[in-house]
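Residue numbers (this note's numbering): 23 to 201.
Structure, rendered in structure tokens:
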């Protein structure tokens, strides 16, 4: 693996994927306060500004380490979401990413554009062979984002996650370096 220490910016046609800033607190709080996000993205305990601030501080410190990547998705100088490497197994040259978009910017192709940029970075710059992403089965919009970013459907895993008091089925997608 050719890890970059700390995050580097990624530019796409319309977006800038950049490091966290203190000024991102309000944007993150808005995203984590969205009921759709709370239903489809594991963010328990992030319902107050204090908890979001602590999460961002911890994430910022962690993202300064080798092999941890976390980007704010910015459009027209405004934070509209985030995308991150949420799991990696270097021995097998694979990793998993997650993403979330502000409700005001969904359905405009920003998530798939950001995901495509990160897939390119993780496979062509860092050197992962396989990048995976998953979504709760009922969250078909995230599956559409993954398809639009040229990820391939891998399958469904029953009772994959225990969240909000119940087991949830997840659908997995993958992207290979030689796509």
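Even glycine gets a Cβ: it sits at the ideal position worked out from N, Cα and C.
*CA-to-CA distance, residue 69 to residue 55, given in whole angstroms*: Here residue 55 corresponds to residue number 33 of the chain shown, with the count starting at 1. Here residue 69 corresponds to residue number 47 of the chain shown, with the count starting at 1. Rounded to the nearest angstrom, the two C-alpha atoms are 6 Å apart.
*Who does residue 179 pair with in a DSSP beta bridge?*
Counting from 1 along the chain shown, the entry for residue 179 is found at position 157. 192, per the DSSP bridge assignment.
_N-terminal and C-terminal residue of the alpha helix (DSSP H) that residue 140 is part of_ = Here residue 140 corresponds to residue number 118 of the chain shown, with the count starting at 1. Start and end: 132-142.
*Write down the C-beta distance between residue 147 and residue 24 rounded to the nearest angstrom, noting that I regard them as a contact closer than 8 Å.*
The count along the chain shown starts at 1 and reaches residue 147 at position 125. The count along the chain shown starts at 1 and reaches residue 24 at position 2. 7 Å between Cβ atoms; contact.
*Given a cut-off of 8 Å, decide if residue 156 and residue 173 are closer than it, judged by their beta-carbon atoms.*
Counting from one through the chain shown, the residue named residue 173 turns up at place 151. Counting from one through the chain shown, the residue named residue 156 turns up at place 134. Not a contact, by the Cβ cut-off of 8 Å.
*So is residue 181 buried or exposed if we call it buried at 16+ other beta carbons inside 10 Å?*
For the purposes of this step, residue 181 is identified with residue 159 of the chain shown, where counting begins at 1. Answer is exposed; the Cβ neighbour count stays below 16.
_According to DSSP, is residue 96 part of a helix, a strand, or is it coil?_
Taking the first residue of the chain shown as position 1, residue 96 is located at position 74. In the structure shown, residue 96 sits in a strand (DSSP, three-state: E or B).
*Within this structure, are the beta carbons of residue 40 and residue 118 separated by less than 8 Å?*
Looking up residue 40 in the chain shown gives position 18. Looking up residue 118 in the chain shown gives position 96. No, the pair does not count as a contact, with Cβ atoms beyond the cut-off.
*Flag this pair as yes or no: are the beta carbons of residue 170 and residue 193 separated by less than 8 Å?*
Residue mapping note: residue 170 aligns to position 148 of the chain shown, counting from 1. Residue mapping note: residue 193 aligns to position 171 of the chain shown, counting from 1. Going by C-beta atoms, residue 170 is not nearer than 8 Å to residue 193.
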